[in-house]
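Asks:
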Amino acid sequence: MLKEKSNQLEMSGVGLSDDGGMPPGCGPLAAAEGGASKPLRQQVFERVRSAGQTSRIDVAKDLGISPGSVTQLTSEIISAGLIVEAESPHDAHTRGRPPVALRIAPGAGYVAGIKLGDFTHSGVIVDFAGTVICDFNSASGAQRHEPDALVSEANAILQSLLEKAELEISQISAVGVGIAGIVDHDQGVVPWSPLLRPRNVALRDLLSKAMGVPVHLDNDANVVTLAELWFGAGRGRQSFAVVTIEYGVGMGLVLDNRLYRGSGGLGLELGHTKVQLDGALCRCGSRGCLEAYLADYALVREARVALDMKSEPFGPVDIMLETLYEQAKAGNQHARTIFNRAGRFLALALSNVVHLFDPSLIILSGERMRYDYLYAEEVMAEMENLTLDKGRAPPEVDINVWGGFVWARGAAALALSSVTDELFGATRAEA
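For the sequence shown, numbering that gives the first Met the number 0 begins at 0 and goes up steadily by one.
1) How close, in whole Å, do the beta carbons of A164 and C133 come, if the pair is a contact with beta carbons under 8 Å?
2) Which same chain residues end up closer than 6 Å to Q326 when comparing Cβ atoms and leaving out the 5 residues on each side of it in sequence?
3) Specify whether the segment 218-233 and the segment 198-206 touch according to this definition: at least 3 beta carbon pairs, one from each stretch, less than 8 Å apart.
4) Rounded to whole angstroms, how far is the Cβ of V150 from the Cβ of A209, which I believe are closer than 8 Å?
5) State the beta-bridge partners of M250 as determined by DSSP.
6) If you drop the 5 nearest sequence neighbours on each side, which residues of the same chain put their C-beta closer than 6 Å to that of G20?
7) Cα separation between G175 and E290?
8) Residues bridged to Y259 by DSSP?
9) Could you give the first and the last residue of the continuous beta strand (DSSP E) run that contains H120?
10) Helix, strand or coil for R102 per DSSP?
11) Grab me the residues of R55's own chain with a C-beta within less than 8 Å of its C-beta, minus the 5 sequence neighbours each way, in chain order.
12) So the beta strand (DSSP E) F135 belongs to, where does it begin and stop?
13) If you drop the 5 nearest sequence neighbours on each side, which residues of the same chain put their C-beta closer than 8 Å to that of Y296?
14) First and last residue of the beta strand (DSSP E) that includes E165?
15) What are the start and end residues of the beta strand (DSSP E) that includes N399?
16) Quickly, what does DSSP pair Y109 with across the bridge? List them, please.
17) Less than 7 Å between the beta carbons of G249 and G278, yes or no?
18) The beta strand (DSSP E) with A215 in it runs from where to where?
19) Do you know how far the Cα of G129 is from the Cα of G24?
20) Return the Cβ separation of A179 and P193 in integer angstroms, given the expectation that the two are a contact with Cβ distance under 8 Å.
21) For V110 versus S172, is the C-beta spacing smaller than 7 Å?
22) In the DSSP assignment, find the unbroken alpha helix (DSSP H) run with P66 in it and report its ends.
23) Expressed to the nearest angstrom, what Euclidean distance is found between the alpha-carbon atoms of V188 and E152?
24) Would you report the Cα separation of L216 and I103, rounded to the nearest angstrom?
25) What residue range is occupied by the uninterrupted alpha helix (DSSP H) comprising E366?
26) Rounded to whole angstroms, what's the CA-CA distance from T322 to Y372? Just pull it up for me.
27) If you reduce the DSSP assignment to three classes, tell me which class Q142 lands in.
28) For a quick check, are the C-beta atoms of F135 and S159 less than 7 Å apart?
29) Among residues of its own chain, excluding the 5 on either side of S121, which ones have a beta-carbon nearer than 6 Å to its beta-carbon?
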């Protein structure tokens, strides 16, 4: 079942446009089965944050604890300056004084999120309520960097954000960073990335030293998945899968409201699963990877041959892709064939995702989902034909055409989650 929802979440200056009908607040809305392992104060704080604004009695009902316990816990969190009382909207159908509501305190704290990209780096600063304070992007200096150069570019993004938000680095609790490639989140090491020349770079420590603030590092597909969990279509789901199609192909998986990463950062590298032995060359150096047939550079490579689209006069990759898409929409059969072929490989990939994880929801996320050939009804039908157990309903497929800043916003969620755990004393195992 295909559910097309074009979020178009672009930021301009101080905030985002409409969140696609999402409720206020940020963070998972669905209760996690393992949520009770977190400190109770943290559960109360996260419930207030996810609701945006809520009453003590509703928090007590949601968490299954006594109103007296909530009163005591919220008093402690208010004293810490993390939440404040706010007047609830008056309901004309109820008598008496409306209950006092709770919300995250303005200015309680800030985190930054940065996405390091092939062509563009982007960043945001959000407050503890998840509200975007400002955003910034800049061109990437090179496709493959030496670590010091990449760290310098990332730090420049942070400094520009601080200047734009009129904040000091001392007011930033942490920075989340997303980067393409294989990322060991726990160790903060990047074994391989198309953005870095050397391998096994201790990028987290390099970034933290340069920025003077704790840094949390993850794969870029994981930070987009966090964006869906915290701000998007995944907020109301305990478990779902995300497939991203940009200059690369990535995948993220949420199980019980928690991001699944694997044991060392190599899990869920959907773009580097093999779909053709000795096939097309992938930018990872291997042949036959899904990415080599579906990603931006794969479509451009096909266009250069089939449509004689050289780098000039068409310009950068994104311009070439737009030209290719316009020709496909105009009826150019060669251009349509390129997109249709990519759609078949996407159907194969989605079928494999269903067989491996059986998600109830697959979110196709990224700016390239504007190209409707990639999720045409024929693609969804082929996914179903390639999937076993025809008697069962296929998973829901949701299309989210995010803007470029969603990656940075997901990186901010990574930082915000870690800061919350530290504030309330949750260990990594508990969180």
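For every residue, glycine included, the Cβ atom is placed at its ideal position computed from N, Cα and C. As the structure is a computational prediction, the values presented were derived from the model and not from experiment.
Replies: In short:
1) 4 Å
2) A334
3) no
4) 5 Å
5) V242
6) The predicted model places G20 with a pLDDT of 49, which falls under 50 and marks its position as unreliable, so this point remains unresolved.
7) 25 Å
8) L252
9) 119-126
10) strand
11) P66, V69, T70, T73, P98, V99, L101
12) 131-138
13) Y246, R282, V316
14) Taken as a continuous stretch (DSSP letters only), E165 belongs to no beta strand (DSSP E), as it is neither H nor E.
15) 395-399
16) D126, I171
17) no
18) The sequence given here places His at residue 215; Ala does not occur at that position. Where H215 is concerned, the enclosing beta strand (DSSP E) stretches over 214-218.
19) 7 Å
20) 6 Å
21) yes
22) 66-78
23) 18 Å
24) 25 Å
25) It is not in any alpha helix (DSSP H) - E366 carries neither H nor E in the DSSP assignment.
26) 14 Å
27) coil
28) yes
29) K114, N136, G403, F404, A407
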